[in-house]
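Data first, discussion second: the structure below is written as structure tokens.
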Ligand SMILES: NC(=O)C1=CN([C@@H]2O[C@H](COP(=O)(O)OP(=O)(O)OC[C@H]3O[C@@H](n4cnc5c(N)ncnc54)[C@H](OP(=O)(O)O)[C@@H]3O)[C@@H](O)[C@H]2O)[C@@H](O)CC1
Ligand SMILES: Nc1ncnc2c1ncn2[C@@H]1O[C@H](COP(=O)(O)OP(=O)(O)O)[C@@H](O)[C@H]1O
Ligand SMILES: [K+]
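Numbering (the working numbering), first residue to last: 30 to 553.
Okay, here's the thing in structure tokens:
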């Protein structure tokens, strides 16, 4: 599990180490680890460190200090290192170390070509020249802002990043790798907000612990691979702001049949999905459930859709009967009276009986005022925007939700009482006690019609398999939702690595992905 902490939590955990060790020791350790990692990257790209070109983008604080010290280490190993200062202040010891190691320092600040005070006599250069150097080097280190950032980048740093990011986005492969120092500069360290220009990173080397903003969307889309440098911070007892499950965590959550299992004990899922207008949603939802490992699936819907469901998945049983959980709503047009009433009735009954339920798509507008946390909503951004807008006098649009997914997922949880899984490139789950998960497991190919229906069925199967546990401990609902998002995302990659997938292909890849997750755990 990767845990993400706030800037304040990391600073508090650093404090005892800063007080007990010699001045600058922590930064030197951080910078040395950064240099080792960048050295590895340079060897992968150029065969060796000596002779390679590294450009440091340096801001006013300790984040710039990290970049300068790492640059000094790389210069000692023979790299050609250029530091570009974007502020009138820069970390003194870092500057001195870089200069002593043979690095060059330029500044893009200063009026009329006069170098700024306190920048070690840096040579003034035009912004365009600094950008040309950065775009032609092997690795750019983004050390403009770290956990001291307040809001997005401003001033010369913002201009530099805007233009460089545009240039690198347009460039064919072969441009520099971008390594973010601690965080891509200017991201919301605690909330993953993106306000202003950013340099998307290939790799983020983060110090002490992952910062929450690196895991949360939209920033999670620009961090590249995240590597945590262990600085020995003691974070025990501090509740992380966000968690990201990995395969081992999911293995521990997944219901595995014991030797004496039978289909009913494994969990029966009831599905109400699909209408004459959207029959495929019924097929995809039951496919997610059957392929995801439900003990049994019961389907309720119009005769035409039932026929399609049974022809695609003969394992399904049509009609009513006892279930341990429900999956409701994919392909349900709220104007289709019969199927909409069925969703309402089933939901009402499930709430009375106290059964876990997944509610998706058309089912979201049929939800009563308040529901318990073992009801899991699975909207995409547009559906969540509608849900909030209908229940408040706030006029929320899809773009607003995409800009601040966690904020709006929390709002939806507050308004409904449900556990909320907000789908997107990074899927955010908010559950009981404000537990937050952020999963980024699927390729962008997963953004294809019907793939959300498969997730609904899969999560339904999971809730049915662990229904009693979820009711006893409702915090589990969010963890299971995050687990379903992981398996769903990885199944898409497994279905066609690096290429397009159809929703049904994602469902078909679920058994192999579940087996891979469980590999080594054994049956319990
Ligand atoms: N603690 C430790 O021992 C260790 C810390 N480490 C490293 O330190 C980093 C944190 O360093 P930090 O605290 O100096 O903050 P940092 O992010 O470099 O810059 C803040 C400065 O930028 C400015 N500024 C703020 N917002 C701005 C904006 N939007 N646009 C423009 N400017 C803005 C603001 O200046 P002000 O506006 O207040 O004058 C402020 O001075 C951390 O990420 C990690 O890399 C590691 O070495 C491990 C050991
Ligand atoms: N850019 C992306 N990268 C990875 N996964 C994505 C991306 N965009 C969407 N997804 C995932 O694809 C699925 C789409 O679901 P949804 O929007 O409900 O589609 P549908 O309603 O057609 O089934 C979700 O699981 C979502 O998390
Ligand atoms: K940075």
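Where a beta carbon is used, it is the ideal one built from N, C-alpha and C, also for glycine. Computed from a predicted model, the values in this text were never measured in an experiment.
Where do the ends of the alpha helix (DSSP H) carrying residue i lie?
| i | result |
| --- | --- |
| residue 382 | 366 to 382 |
| residue 525 | No alpha helix (DSSP H) contains residue 525, which DSSP labels as neither H nor E. |
| residue 533 | 532 to 547 |
| residue 486 | 480 to 494 |
| residue 357 | No alpha helix (DSSP H) contains residue 357, which is instead part of the beta strand (DSSP E) from 354 to 357. |
| residue 417 | 410 to 420 |
| residue 281 | 276 to 282 |
| residue 334 | 332 to 341 |
| residue 430 | 427 to 432 |
Where do the ends of the beta strand (DSSP E) carrying residue i lie?
| i | result |
| --- | --- |
| residue 160 | Here residue 160 belongs to no beta strand (DSSP E); instead the alpha helix (DSSP H) covers 156 to 165. |
| residue 325 | 325 to 329 |
| residue 299 | 297 to 301 |
| residue 256 | 254 to 258 |
| residue 468 | 465 to 468 |
| residue 70 | Here residue 70 belongs to no beta strand (DSSP E); instead the alpha helix (DSSP H) covers 54 to 75. |
| residue 115 | Neither: residue 115 is in no beta strand (DSSP E) and is coded neither H nor E. |
| residue 136 | 133 to 136 |
| residue 243 | That residue, residue 243, is in no beta strand (DSSP E); its alpha helix (DSSP H) goes 241 to 244. |
| residue 406 | 404 to 406 |
| residue 557 | As shown, the chain starts at 30 and ends at 553. That puts residue 557 outside it, with no answer to give. |
| residue 100 | Here residue 100 belongs to no beta strand (DSSP E); instead the alpha helix (DSSP H) covers 91 to 105. |
| residue 227 | Run containing residue 227: none; DSSP gives neither H nor E here. |
| residue 172 | 168 to 172 |
| residue 209 | 206 to 210 |
| residue 232 | 232 to 236 |
Mark residue i as exposed unless 16 or more other C-beta atoms lie within 10 angstroms of its C-beta, in which case mark it buried.
| i | result |
| --- | --- |
| residue 434 | buried |
| residue 340 | exposed |
| residue 292 | exposed |
| residue 294 | exposed |
| residue 538 | buried |
| residue 58 | buried |
| residue 480 | buried |
| residue 30 | exposed |
| residue 462 | exposed |
| residue 121 | exposed |
| residue 265 | exposed |
| residue 556 | There is simply no residue 556 to check, as the chain begins at 30 and stops at 553 in what is shown. |
| residue 368 | buried |
| residue 354 | buried |
| residue 235 | buried |
| residue 573 | Here the chain has residues from 30 to 553 only, and residue 573 is not among them. |
| residue 421 | exposed |
| residue 327 | buried |
| residue 365 | buried |
| residue 370 | exposed |
| residue 403 | buried |
| residue 276 | buried |
| residue 269 | buried |
| residue 529 | exposed |
If residue i sits next to residue j, beta carbons under 8 angstroms apart, how far is it from one beta carbon to the other, in whole angstroms?
| i | j | result |
| --- | --- | --- |
| residue 495 | residue 484 | Not really, about 17 angstroms apart at Cβ, beyond 8 angstroms. |
| residue 450 | residue 514 | 7 angstroms |
| residue 329 | residue 301 | 5 angstroms |
| residue 391 | residue 408 | With a Cβ gap of about 11 angstroms, residue 391 and residue 408 do not count as contacting. |
| residue 186 | residue 173 | 5 angstroms |
| residue 166 | residue 87 | Their Cβ separation, rounded to whole angstroms, is 14 angstroms, which puts residue 166 and residue 87 out of contact at 8 angstroms. |
Near residue i, what residues of its chain come up, given a Cβ to Cβ distance below 8 angstroms and the 5 sequence neighbours on each side ignored?
| i | result |
| --- | --- |
| residue 262 | 39, 42, 43, 46, 237, 238 |
| residue 547 | 280, 283, 285 |
| residue 253 | 207, 209, 229, 230, 231, 232, 233 |
| residue 176 | 36, 39, 40, 92, 211, 212, 218, 240 |
| residue 129 | 101 |
Could you tell me whether any Cβ in chain B is nearer than 8 angstroms to the Cβ of residue i?
| i | result |
| --- | --- |
| residue 301 | Checking the listed chains, one finds no chain B in this structure; it contains a single protein chain. |
Tell me which residues share the same chain as residue i and place their Cβ nearer than 7 angstroms to its Cβ, disregarding the 5 neighbours each side in the sequence.
| i | result |
| --- | --- |
| residue 417 | 423, 425, 437, 440, 441, 444 |
| residue 540 | 320 |
| residue 551 | In this prediction, residue 551 has a pLDDT of 49, which is less than 50 and means its spatial position is unreliable; what the coordinates show is noted afterwards. Closer than 7 angstroms at Cβ, skipping near neighbours: no residue. |
| residue 147 | A caution first: residue 147 carries a pLDDT of 49, below 50, which makes its placement in the model unreliable, though a value can still be read off. For residue 147, where only same-chain residues beyond five positions count, the Cβ hits under 7 angstroms are 117, 118. |
Skipping 5 residues on each side, what residues in its chain have a beta carbon closer than 6 angstroms to that of residue i?
| i | result |
| --- | --- |
| residue 123 | 94, 97, 98 |
| residue 419 | none |
| residue 267 | 38 |
| residue 248 | 216, 221, 223, 242 |
| residue 467 | 244, 245, 271, 273, 455, 457 |
Count the CB pairs spanning the segment 521 to 532 and the segment 379 to 391 that are closer than 8 angstroms, and state whether there are at least three. They do not touch, by the three-pair rule.
Count the C-beta pairs between the segment 232 to 251 and the segment 201 to 214 that are closer than 8 angstroms, then say yes if the count reaches three, no if not. With a cut-off of 8 angstroms, the segment 201 to 214 and the segment 232 to 251 count as touching, because enough Cβ pairs lie within range.
Check whether the segment 528 to 538 touches the segment 465 to 482, taking contact to mean three or more Cβ pairs, one atom from each stretch, closer than 8 angstroms. Counting Cβ pairs under 8 angstroms, three or more are found: they touch.
Between the segment 126 to 140 and the segment 149 to 165, are three or more C-beta pairs nearer than 8 angstroms? Contact annotation: the segment 126 to 140 touches the segment 149 to 165, with at least three C-beta pairs closer than 8 angstroms.
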